[in-house]
Amino acid sequence: EVCGNLKDKEPALLTRERHRRHAAGCLVALDSFLEAQGSMPIELAAEELRVAARELGRVVGAIDVEEVLDVLFRDFCIGK
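Residue numbers (this note's numbering): 2 to 81.
See below:
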């Protein structure tokens, strides 16, 4: 078990509005994936999972390489 017995634990508390917003976005994407299992094309199912992972990554501080490159090219005018 990675987290141990979670039944005896208190639920996680998200104190920041930004964290709550991204956690909610993650849940919406996961719900969409689970509700449409089997009826959704594999590409759309993968997109729902990607969105969920991205939202969760924003809560835990994961950095996406594409986002870094977007900021570099947009804000620092590299390549002009």
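Glycine is no exception: its CB is placed at the ideal position from the N, C-alpha and C atoms.
Please report the straight-line C-alpha distance between V69 and A63, rounded to a whole angstrom. Taking the straight line joining both Cα atoms gives about 11 Å.
Using DSSP with H/G/I as helix, E/B as strand and the rest coil, what is E11? Reduced to three states, the DSSP call for E11 is coil.
Ends of the alpha helix (DSSP H) at A24? Run containing A24: E18 to E36, per the alpha helix (DSSP H) assignment.
Considering Cα atoms alone, identify which of A25, P12, E49 and L73 is closest to L35. Ranking the options by Cα distance to L35, first place goes to E49.
Checking 8 Å against the spacing of the C-beta atoms, do A30 and V61 come in under that value? In this structure, V61 does not lie closer than 8 Å to A30 by Cβ.
What is the rounded straight-line gap between the Cα of H20 and the Cα of G58? Computed Cα separation, rounded: 10 Å.
Suppose you measure from the CA of V3 to the CA of L14; what does that come to, to the nearest Å? Unreliable positioning characterises V3 in this predicted model, as indicated by a pLDDT of 45, which lies under 50. The coordinate reading is nonetheless provided below. Cα to Cα, V3 sits roughly 19 Å from L14.
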